[in-house]
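>
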Amino acid sequence: MNIILLGPPGAGKGTQAARLVERHGMKQLSTGDMLRAAIQAETPTGLKVKAIMAAGELVSDEIVSALISDELVALPQTVGLIFDGYPRTEAQARQLDAILAQHHRKLDRVIELAVDEDALVERITGRFTCAHCGAGYHDRFKLPSSTHPMKCDHCGSPDFKRRPDDNEEAVRTRMSEYRAKTAPILPFYEARGLVSRVDGMAPIDEVSANIGTILGDT
Ligand code: AP5
Ligand code: MG
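By numbering that gives the first Met the number 0, the letter at position 214 of the sequence shown is numbered 213, and the numbering carries on one by one without gaps.
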């Protein structure tokens, strides 16, 4: 099964993708994660996108579609795909169609995480991750169980980090980019009967259960 998780910054795409990976052995393809890895490794792509991402603007369609296309080359047909944060423009949606066709795959479902944008600013600005294993936490909603000193629940590391684009100004830009360029791709998929809407403001477990129902979990 190949699905898209669609929703504004902080809607829970990454959170839900991680659960689908765990439960179904699917592969998460997050263009945001790929771009952050490129920045970390100081590749030519990383150097090109660093300032654009920090400001909360979208990087070019060509760059992200090339990243997705490269990832698909090595993936066996049997592995289901979760597109997280891609496509984000109508051009990317068309490029994804072409990439999937090239790999004899089809899109099974687009899951829209519907959320209240004002609540998202708090979600995003409170978010942090383990610098060692990448486990996700939140200042208010999900602190590690050991807080004095703070240690990762998964690997015990005391080192944590925050994304450079998780400040209020960049988050507002990310939201307006979503409204202007990404939300308009929904009708493209609605016309094909592929969109299912989930309440992304529900507790994380409930969102997962609702996605499970849509995907036909037993
Ligand atoms: P990207 O990395 O994709 O970021 P984003 O879309 O802004 O979304 P986030 O990762 O911030 O949020 P999320 O929906 O994954 O939520 P999460 O699960 O973390 O993109 C970053 C940048 O890269 C872009 O701005 C752009 O510059 C560039 N880029 C990437 N892809 C691109 C593309 N295709 N084209 C062009 N440019 C591209 O959850 C957030 C927080 O909320 C967490 O703390 C979590 O624990 C908490 N949470 C999650 N669900 C719930 C819940 N139900 N209740 C309470 N808390 C919750
Ligand atoms: Mg994410």
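For every residue, glycine included, the Cβ atom is placed at its ideal position computed from N, Cα and C.
(1) Thinking C-alpha only, which one of A179, V206, D32 is nearest R162?
(2) State the beta-bridge partners of L80 as determined by DSSP.
(3) With distance defined between alpha-carbon atoms, name the residue in A190, H147, C151, L99 nearest to H131.
(4) Are the stretch 188–207 and the stretch 70–83 touching, with three or more C-beta to C-beta distances below 8 Å?
(5) Hey, out of V120, E168, K26, whose CA is closest to P8's CA?
(6) Which class does G13 belong to by DSSP, given the choice of helix, strand or coil?
(7) Mapping DSSP to helix, strand and coil, what is T88?
(8) When the Cα atoms are used, what is the spatial distance from I203 to D107?
(9) Just the C-alpha distance for V20 and D216, rounded to the nearest angstrom, thanks.
(10) If contacts are defined as beta-carbon pairs under 8 Å, then E89 and I2 qualify, I think. What distance do you get, rounded to the angstrom?
(11) With hydrogens ignored, establish whether the beta-carbon of K12 is closer than 7 Å to any heavy atom of the ligand MG.
(12) What are the boundary residues of the alpha helix (DSSP H) that includes F187?
(13) CB of D83 to nearest heavy atom of the ligand MG: below 7 Å?
(14) Only counting runs of 3 or more residues, tell me where the beta strand (DSSP E) segments fall wholly within the stretch 114–149, in order along the chain.
(15) Near S156, what residues of its chain come up, given a Cβ to Cβ distance below 8 Å and the 5 sequence neighbours on each side ignored?
(16) When DSSP builds the beta bridges, which residues end up paired with E111?
(17) Going by the beta-carbon positions, is the gap between S64 and I38 smaller than 8 Å?
Concretely, from the data shown:
(1) Your numbering for residue 162 matches position 163 in the sequence shown. The shortest C-alpha separation from R162 is found at D32.
(2) Locating residue 80 in the sequence shown gives position 81, where the first residue counts as 1. The partner list for L80 (beta bridge, DSSP) reads N1, K26.
(3) Residue 131 sits at position 132 when you count from the first residue of the sequence shown. Sorting A190, H147, C151, L99 by C-alpha distance to the C-alpha of H131 places C151 at the top.
(4) With the cut-off at 8 Å, the stretch 188–207 and the stretch 70–83 do not touch.
(5) Position 9 of the sequence shown, counted from the first residue, corresponds to residue 8. With distances taken between Cα atoms, P8 lies closest to V120.
(6) Counted from its first residue, the sequence shown places residue 13 at position 14. Reduced to three states, the DSSP call for G13 is helix.
(7) Position 89 of the sequence shown, counted from the start, is the residue given in the question as residue 88. T88 falls in the coil class under three-state DSSP.
(8) Taking the first residue of the sequence shown as position 1, residue 203 is located at position 204. Taking the first residue of the sequence shown as position 1, residue 107 is located at position 108. When rounded, the distance between both Cα atoms is 23 Å.
(9) As a working mapping, residue 20 is identified with position 21 in the sequence shown. As a working mapping, residue 216 is identified with position 217 in the sequence shown. Looking at the two C-alpha atoms, the distance is approximately 14 Å.
(10) The count along the sequence shown starts at 1 and reaches residue 89 at position 90. The count along the sequence shown starts at 1 and reaches residue 2 at position 3. The pair is not a contact, with the Cβ atoms about 19 Å apart (cut-off 8 Å).
(11) In the sequence shown, residue 12 corresponds to position 13, counting from 1. Checking every heavy atom of the ligand MG against the Cβ of K12, one is found closer than 7 Å.
(12) The residue you call residue 187 lines up with position 188 of the sequence shown. 185–189 is the extent of the alpha helix (DSSP H) around F187.
(13) Within the sequence shown, the letter at position 84 stands for residue 83. True, at least one ligand heavy atom lies under 7 Å from that Cβ.
(14) 126–129, 135–137
(15) Translated into the one-based positions of the sequence shown, residue 156 becomes position 157. Scanning its chain for C-beta atoms nearer than 8 Å, with the 5 sequence neighbours on each side dropped, one finds around S156 the residues C129, A130, H131, C132, K150, in chain order.
(16) For the purposes of this step, residue 111 is taken as the residue at position 112 of the sequence shown. In DSSP, E111 forms a bridge with L5, R196.
(17) Reading the sequence shown from its first residue, position 65 is the one you call residue 64. Reading the sequence shown from its first residue, position 39 is the one you call residue 38. Not closer than 8 Å, so no.
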